[in-house]
Amino acid sequence: MPLSTQPPASGERYVLTASLDNARHLSSLLRAVHFQDHATCFATANGIKVTVEDAKCLQANAFIQAEIFQEFAVQEESVMFRINLAVLLDCLTIFGSSSLPGTSTALRMCYRGYGYPLMLFLEEGGVVTVCKINTQEPEELLDFDFCSTNVVNKIILQSEGLREAFAELDMTSEVLQITMSPNKPYFRLSTFGNAGSAHLDYPRDSDLMEAFHCNQTQTNRYKISLLKPSTKALALSCKVSIRTDTRGFLSLQYMIRNEDGQICFVEYYCCPDEDVTEADL
Amino acid sequence: MRCVITGGNVKVLGKAVHSLSRIGDELYLEPTENGLSLRAVNSSRSAFASFLFVPLFFQLYERGSPPRAGQHFRCKVLMKSFLSIFRSLPSLEKTVGKCLILLKPQASRLVVQLHCKYGVTKTHNLAFQECERLQAVFSTRQCANSLCAPARVLAEAVVHFPATLSEVTLSAGPGGKISLRNYVEDEKEPGRTMVTELWLAEDEFQEVAVAPGTCITFCLKEFRGLLTFAEASNLPLTIHYDAPGRPAVFTLDDPLLEVHLVLATLSDPESISQSPTANGASELPTPADDFADDLESYMIAMETSAYEGGSGAPPSPTFPLRTPGPAHSEPEEEEEEEAVPGTPPHKKFRSLFFGSVLTPGGPCLAPTQEVLAEDSDGEY
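Just so you know, the sequences run in chain order A and B. In terms of the numbering used here, the first sequence opens at residue 42 and continues consecutively. In terms of the numbering used here, the second sequence opens at residue 27 and continues consecutively.
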């Protein structure tokens with residue numbers, strides 16, 4: 042492997058080293074959570090979790106498990122740093138983001154620890170690029186306290202069924218209203234825009250429905266501007282799990298299968314917009 | 027009104043909406059006993075299109091009973107809203123099995139429901155404005171010249187013109203040959219303008235009944251919109267035209283569908299000063315030379331915002347909004363109802379681009395607004 046000709050100088054100790062023979066596996070997942078420029082990376086022996094937040098109401102996590110990498114080593118119990126995601130993505134796609142068949146960018150990623158830059162060694166066709174991206178002070182992350190025991194309703198859909206719906210969402214509507222119910226309309230997405238309202242109903246026996254576990258009727262509204270970024274993850278995913286808890290918090294989990302058939306997850310948490318009053322129903 | 031469209035006809039409806047969206051910002055819906063009529067007019071009122079889907083087009087077509095006093099319900103919706111329902115034609119074809127359109131005047135809602143693959147239902151509740159009939163007054167019988175060609179032939183011809191080109195001139199040459207060339211305004215430096223001209227032989231057309239030497243200049247954008255629809259539906263397109271300055275009428279005929287596109291044509295100052303009565307429009311007063319506008323056509327668009335005090339569309343500068351009071355007489359409504367395509371204009375007509383109005387009553391040179399108001403008031 043050409044990268045081995047440029048090993049990190051011996052004696053230097055890295056708290057995180059990872060190598061990947063196709064950097065696109067990483068960049069596509071990072072792009073699925075790229076709606077804010079800053080991301081917090083949290084690495085343990087199991088892999089890396091990249092977290093992006095917005096407006097204290099939305100959190101997206103991309104999980105890149107250790108198995109995705111050809112080599113993955115974390116010397117401490119956990120390693121955490123904040124990084125400019127836009128810059129990281131630019132570096133990962135420095136040889137171009139087009140996916141020409143037969144070409145792939147190999148990546149080796151090293152981090153010496155607090156205060157040091159993240160080092161990227163990228164190689165494609167014998168050309169090596171070294172990138173050093175300054176890391177930032179990690180900020181405290183939101184804890185949505187979304188606990189599976191508090192989940193009221195859960196639906197697993199084939200992503201295909203939601204893709205068109207999200208692409209056609211009436212963006213003049215401020216909110217997306219999600220209704221999940223053991224009875225009709227089972228699963229409904231509604232928008233209330235300038236032109237009027239639109240409802241999208243999925244019956245529970247639809248072929249798109251992989252699982253349907255709804256215990257009580259819940260209607261919650263979420264800011265459409267907050268949910269729109271999740272379309273990036275939706276576009277890559279094959280299945281999506283939609284869950285709501287007792288407080289109306291929304292969890293969207295996207296199952297993403299990469300070109301090598303490995304499975305990764307991207308997760309979005311979103312706060313409900315407000316209580317739905319009787320009059321709105 | 028309640029109708030159900032199934033299968034491939036949903037896509038046909040979608041394409042019609044796409045075509046109409048090239049014309050105007052509002053879509054006029056009118057359920058009639060002859061079918062559902064969708065219409066649009068552009069902001070300068072130089073282009074009007076109407077698609078009439080006959081009851082056979084639908085799996086179910088119920089016009090509904092007239093809600094009040096024999097007056098039939100018509101409405102307009104924002105084109106953008108309606109178009110967004112049919113935005114993606116490929117997915118319409120792939121996923122939509124059935125489309126239900128419900129007009130609920132009581133609930134002030136136009137409901138469009140799409141029944142898609144996997145049992146998914148999309149319900150759109152659109153706000154609408156009640157309005158009066160939108161009708162261009164034109165007659166294909168008054169047009170001295172007509173041409174009929176497969177849409178493909180015309181589409182392949184106009185594809186050679188740049189997308190930015192606004193007007194094209196169609197002229198009839200000797201031997202039934204038809205030419206299309208881009209229209210160049212005189213003021214522009216002739217040396218700097220590229221002119222594209224192409225000739226179509228008579229045998230390309232299904233029917234050529236034109237006088238050699240006649241020519242018309244019309245806007246390309248709306249024509250292209252109709253061509254896209256016609257080509258996809260594989261229908262021949264007929265062009266009826268008269269003298270320059272008189273509207274050209276483009277029609278598609280199908281047992282399930284009647285399509286009319288009326289476009290203003292550029293007038294030729296020389297021919298205006300001559301007598302246009304030779305073109306079968308003898309019952310119309312000859313426009314005085316004062317009205318020799320660059321672009322002139324005869325169309326009447328009777329549109330009034332009678333709902334929510336005209337909160338929707340901004341008032342047209344040349345067309346006053348008229349709120350019908352309680353004394354709004356029914357006979358007039360009935361009369362408008364009868365103003366079907368093909369009826370010669372009997373009340374009023376106007377030049378579309380510059381607001382000139384000619385009343386049959388006499389050579390009135392008053393501005394547009396006043397004349398229209400007087401005219402309609404006079405019929406009460």
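No residue lacks a Cβ here, since even glycine has one placed at the ideal position from N, Cα and C.
Item, Value
"Reduced DSSP category for residue 131(A) - H, G, I as helix; E, B as strand; rest coil", "helix"
"Cβ of residue 117(B) within 8 Å of any chain A Cβ", "yes"
"Limits of the unbroken beta strand (DSSP E) element including residue 194(B)", "193 to 198"
"Contacting positions in the segment 228 to 241 of chain A - beta carbon closer than 7 Å to chain B", "236, 237, 238, 239, 240, 241"
"Within-8 Å CB hit, residue 113(B) to chain A", "yes"
"Run of the beta strand (DSSP E) containing residue 242(B), from where it starts to where it stops", "241 to 245"
"Beta strand (DSSP E) segment containing residue 212(A), residue limits", "Per DSSP, residue 212(A) belongs to no beta strand (DSSP E) and is neither H nor E."
"Selection from 102(B), 260(B), 200(B) that minimises the alpha carbon distance to residue 131(B)", "102(B)"
"Local Cβ density within 10 Å of residue 42(B), reported as buried at 16 or more and exposed below that", "buried"
"Buried versus exposed, by CB contacts within 10 Å (16 or more), residue 120(B)", "exposed"
"Completely contained alpha helix (DSSP H) runs for the segment 57 to 135 of chain A, where each covers 4 or more residues", "65 to 72, 126 to 133"
"Cutoff 8 Å: residue 44(B) Cβ touching any chain A Cβ", "no"
"Within chain B, the residues that residue 214(A) reaches when beta carbons sit closer than 7 Å", "Residues of chain B passing the Cβ test: none, with the nearest at roughly 12 Å."
"For residue 243(A): DSSP bridge partner residues", "228(A)"
"Distance between residue 110(B) and residue 179(B) (C-alpha atoms, nearest Å)", "30 Å"
"Residues, ordered as in the chain, of the segment 145 to 172 of chain B that lie near chain A by beta-carbon distance below 9 Å", "145, 146, 147, 148, 149, 150, 151, 152, 153, 154"
"Same chain, Cβ closer than 6 Å to residue 244(B), neighbours up to 5 away in sequence not counted", "274, 289, 291"
"Interface flag, residue 222(A) vs chain B, CB-CB below 8 Å", "no"
"Close beta carbons around residue 12(A), own chain, < 6 Å, minus the five adjacent residues each side", "Residue 12(A) falls outside the range modelled here, since chain A spans only 42 to 322, and no answer is possible."
"C-beta neighbour in chain B for residue 282(A), strict 8 Å", "no"
"Partner residues on chain B for residue 243(A), Cβ-Cβ distance less than 9 Å", "144, 145, 146, 147"
"Rounded distance between the beta-carbons of residue 216(A) and residue 259(A), thought under 8 Å", "The pair is not a contact, with the Cβ atoms about 15 Å apart (cut-off 8 Å)."
"Residue 264(B) beta carbon less than 8 Å from that of residue 197(B)", "no"
"For residue 160(A), the residue or residues it bridges with in DSSP", "151(A), 173(A)"
"For residue 170(A) and residue 146(A), the rounded distance between their alpha carbons", "10 Å"
"Contacting residues, own chain, Cβ-Cβ under 6 Å from residue 42(A) (five flanking each side not counted)", "For residue 42(A), the predicted model reports a pLDDT of 45, less than 50, meaning its position is unreliable and no value from the coordinates is stated."
"Own chain residues within Cβ distance below 8 Å of residue 39(B), not counting five before or after", "31, 79, 112, 125"
"Below-8 Å beta-carbon distance, residue 101(A) vs any chain B residue", "no"
"C-beta atoms of residue 243(A) and residue 227(A) nearer than 8 Å", "yes"
"Selection from 63(B), 55(B), 82(B) that minimises the alpha carbon distance to residue 104(B)", "55(B)"
"Cβ distance (whole Å) where residue 70(A) is taken to contact residue 101(A) below 8 Å", "In fact, because the Cβ distance is near 11 Å, the residues do not count as touching under 8 Å."
"Interface flag, residue 276(A) vs chain B, CB-CB below 8 Å", "no"
"Test: residue 202(A) CB closer than 8 Å to a CB of chain B", "yes"
"CB of residue 247(A) within 8 Å of CB of residue 123(B), strictly", "no"
"Rounded separation between residue 359(B) and residue 129(B) - CA only", "Confidence at residue 359(B) is low in this model, with a pLDDT of 36, below 50, so the placement of that residue is unreliable and no value is reported for it."
"Chain-ordered neighbours of residue 53(B) on chain A, where CB pairs are closer than 7 Å", "The premise fails here: residue 53(B) is roughly 12 Å from chain A at the closest Cβ pair, so nothing lies under 7 Å."
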